[in-house]
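A quick write-up on the structure given underneath.
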Amino acid sequence: MDRAGRARANHRLRSLISAGERRPNDPAPREIGAATTSRANLAWAAKGFEFLRWQPGKHEVCAVGATARFEGRRFVGGRLRKAVVVLATAVAVSSAGTAVGAAAPHGPVLRAPAGGYQELSVPSTMGPIKVQVQWAARGGSSALYLLDGLRAPADHSQWTSDTDVLRQFAGDDVTVVLPVGGRSSFYTDWYRPSSTNHQATTYKWETFLTRELPAFLAGYGVSRTNNAIVGASMGGNAALTLAAHHRDQFRFAGSLSGFVHPTFPLWNEAMRAAMWDEGNFNVDDMWGPAGAPAWTRNDATEQAELLRGLPMYVSTGDGAPGPLDVPNGVGNTINAMGLEALSTIATQMLRDRLTALGIPARIDFVHGTHTWPYWQQAIATARPSILEAFGAH
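Position in the sequence shown counted from 1, then plus 4, gives you this note's numbering.
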């Protein structure tokens, strides 16, 4: 590449970076190194600037120690040079106006700064999945996966909007991983798309959480095997069953107000009503009719034996309004009371099953309802056990 070509490439790359946005709480940009990658895509690259987040439209390139893709051209970490130079083909394609998206890392890459926050776009069989990440404070490889409840929003994890969990773990050497979306999914692999709401794709959340996402995060230095998983409400049963079936991945599991015994008589009908209320989803398309094998496989109480030896934290309220309940309407309060009462019944059955099997677990029954302030309190209670499980104090 001649001098003029290098100048054009340098100008183009800086223009792309300067088009990005930084959140108010994001750390200031700092210099990083980039190096050559793919044989024909990048001749050589060098010293540039690191921005936590760049989001043109709905697509995103995370350039903080991550892999950035310029329409198939990747930049991965390495030794520094004095100027930012990309191959003319990369510049030509990116300047053609095609959207830029995040790329799955392959091989060693630069990590995000310790403790930094990122939003990733992770490829999956369901399409790109947004994942919010707070990186380990000191570059450690452990990760805590946090799962949402039934009404999981499409644009963010409720853990980030309704709790202070990122602040709680900000100083810990643990990467907090927050998958976004999946309402009414129960974070499981469905048989087929929901037939009652014209769902376009089949939910495959177990595949995503135990295969696709760990493989993607491994490129950032996150362990595939040194992880914890905790879920609230809908995510509670999923956290326990995913850990039960993937013991090589998870060293700790937690359920907060989870419905941890879905095969109990009439629970399938309660789930049917809840899933219909949240998006007109059909429970039969998830695990088949009640009594089908998938129901048992995805029942934490029925799979309790597989949890032997796994550190666990389970909590639920008694369903009565407590000190953390915020008045927000009689209907909402009554609904939260009823849901928590159901969770308490299921948690008692899980406790009895674990006791009968001689499997220890910390199970807390607290005063309160089915709301996020109690789950914020519960994750704070579980935090020391989570850190102890993978030695991340």
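Glycine residues also receive a C-beta, built at the ideal position from the N, C-alpha and C atoms.
> What separation, rounded to the nearest whole angstrom, lies between the Cα atoms of Leu246 and Gln172?
Replying inline: By 1-based counting over the sequence shown, the position of residue 246 is 242. By 1-based counting over the sequence shown, the position of residue 172 is 168. Between the alpha carbons of Leu246 and Gln172 lies a distance of about 24 Å.
> Can the beta-carbon of Ser189 be found less than 8 Å from the beta-carbon of Trp209?
Replying inline: Here residue 189 corresponds to residue number 185 of the sequence shown, with the count starting at 1. Here residue 209 corresponds to residue number 205 of the sequence shown, with the count starting at 1. Yes, Cβ-Cβ distance for Ser189 and Trp209 is below 8 Å.
> So is His374 buried or exposed if we call it buried at 16+ other beta carbons inside 10 Å?
Replying inline: By one-based count along the sequence shown, residue 374 stands at place 370. Counting C-beta atoms within 10 angstroms of its own C-beta, His374 has 16 or more neighbours from the protein chains shown and is therefore classed as buried.
> Can you give the Cα-Cα distance for Glu306 and Asp159, rounded to whole angstroms?
Replying inline: For this step, residue 306 is matched to residue 302 along the sequence shown. For this step, residue 159 is matched to residue 155 along the sequence shown. Taking the CA atoms as reference points, Glu306 sits about 33 Å from Asp159.
> Sorted by chain position, which residues of the same chain lie with C-beta nearer than 7 Å to Arg155's C-beta, five sequence neighbours on each side aside?
Replying inline: As a position in the sequence shown, residue 155 is number 151, starting the count at 1. Sequence-distant partners of Arg155 (beyond 5 residues in either direction) whose C-beta falls short of 7 Å from its own C-beta, in its chain, are Arg187, Glu282.
> Taking all protein chains shown into account, do 16 or more other C-beta atoms lie within 10 angstroms of the C-beta of Ile383, making it buried, or fewer, making it exposed?
Replying inline: Taking the sequence shown and counting its residues from 1, the one referred to as residue 383 is at position 379. The residue in question, Ile383, is buried, as its Cβ has 16 or more Cβ neighbours within 10 Å.
> Pro218: buried (16+ other C-beta within 10 angstroms of its C-beta) or exposed?
Replying inline: For the purposes of this step, residue 218 is taken as residue 214 along the sequence shown, with counting starting at 1. Looking at its Cβ environment, which holds 16 or more other Cβ atoms inside 10 Å, Pro218 is buried.
> Expressed to the nearest angstrom, what Euclidean distance is found between the alpha-carbon atoms of Tyr195 and Ala294?
Replying inline: As a working mapping, residue 195 is identified with position 191 in the sequence shown. As a working mapping, residue 294 is identified with position 290 in the sequence shown. Going by the C-alpha atoms only, they are around 14 Å apart.
> Is it buried or exposed for Gly258, if we count other Cβ within 10 angstroms and need 16 for buried?
Replying inline: Within the sequence shown, the letter at position 254 stands for residue 258. Taking all protein chains in view, the Cβ of Gly258 is crowded by 16 or more other Cβ atoms within 10 Å, so the residue is classified as buried.
> Just how far apart, CA to CA, sit Met279 and Val178?
Replying inline: The residue you call residue 279 lines up with position 275 of the sequence shown. The residue you call residue 178 lines up with position 174 of the sequence shown. Per the coordinates, the alpha-carbon of Met279 lies some 33 Å from the alpha-carbon of Val178.
>> Once the 5 residues before and after Val264 are set aside, which same chain residues still bring their CB inside 7 Å of it?
In response: Walking along the sequence shown from the start, residue 264 turns up at place 260. Around Val264: Gly240, Asn241, Leu244, Ala304, Thr305, Ala350, Thr351, Leu354.
> When DSSP labels each residue in this structure, what does Pro432 get in the three-state scheme?
Replying inline: The requested residue 432 is not part of the displayed model; the chain covers only 5 to 397.
> Rounded C-beta distance between Ala140 and Ala118? I'm assuming under 8 Å.
Replying inline: Against the sequence shown, residue 140 aligns to sequence position 136. Against the sequence shown, residue 118 aligns to sequence position 114. Yes, they are in contact, since the Cβ atoms of Ala140 and Ala118 sit about 7 Å apart, within 8 Å.
> Is Thr192 helix, strand or coil when you go by DSSP?
Replying inline: Taking the sequence shown and counting its residues from 1, one reaches residue 192 at position 188. In this structure, DSSP gives Thr192 a state outside helix and strand, which the three-state scheme calls coil.
> From Ser227 to Arg255, what does the alpha carbon distance come to, in whole angstroms?
Replying inline: What you label residue 227 is simply residue 223 of the sequence shown in a count that begins at 1. What you label residue 255 is simply residue 251 of the sequence shown in a count that begins at 1. Looking at the two C-alpha atoms, the distance is approximately 12 Å.
> Can you tell me whether Thr359 is buried or exposed, with buried defined as 16 or more other CB within 10 angstroms of its CB?
Replying inline: In the sequence shown, the residue the question calls residue 359 occupies position 355. Burial call: exposed.
>> Given a cut-off of 8 Å on the beta-carbon distance, is the pair Thr200 and Phe285 in contact?
In response: Working through the sequence shown from its first residue, we reach residue 200 at position 196. Working through the sequence shown from its first residue, we reach residue 285 at position 281. Closer than 8 Å, so yes.
> What is the C-beta distance between Pro315 and Ser389, in whole angstroms, given that I count them as a contact (C-beta under 8 Å)?
Replying inline: In the sequence shown, counting from the first residue as 1, residue 315 sits at position 311. In the sequence shown, counting from the first residue as 1, residue 389 sits at position 385. So it is a contact: roughly 6 Å between Cβ atoms.
>> So, at 6 Å on beta carbons, what are the nonlocal neighbours of Ser128 in its own chain, with the 5 sequence-adjacent residues on each side left out?
In response: Residue numbering aside, residue 128 sits at position 124 when the sequence shown is read from its first letter. Phe212, Glu216, listed in sequence order.
> Which of the three DSSP states, helix, strand or coil, is assigned to Leu182?
Replying inline: To locate residue 182, count along the sequence shown from 1; it is residue 178. Leu182 sits in a strand when the DSSP states are folded into three classes.
> If you draw a straight line from the alpha carbon of Pro364 to that of Leu310, how long is it in whole angstroms?
Replying inline: Counting from 1 along the sequence shown, the entry for residue 364 is found at position 360. Counting from 1 along the sequence shown, the entry for residue 310 is found at position 306. Inter-residue distance for Pro364 and Leu310 is about 13 Å (C-alpha atoms, whole angstroms).
>> Please report the straight-line C-alpha distance between Met238 and Leu343, rounded to a whole angstrom.
In response: For the purposes of this step, residue 238 is taken as residue 234 along the sequence shown, with counting starting at 1. For the purposes of this step, residue 343 is taken as residue 339 along the sequence shown, with counting starting at 1. Distance between the alpha carbons of Met238 and Leu343 is about 11 Å.
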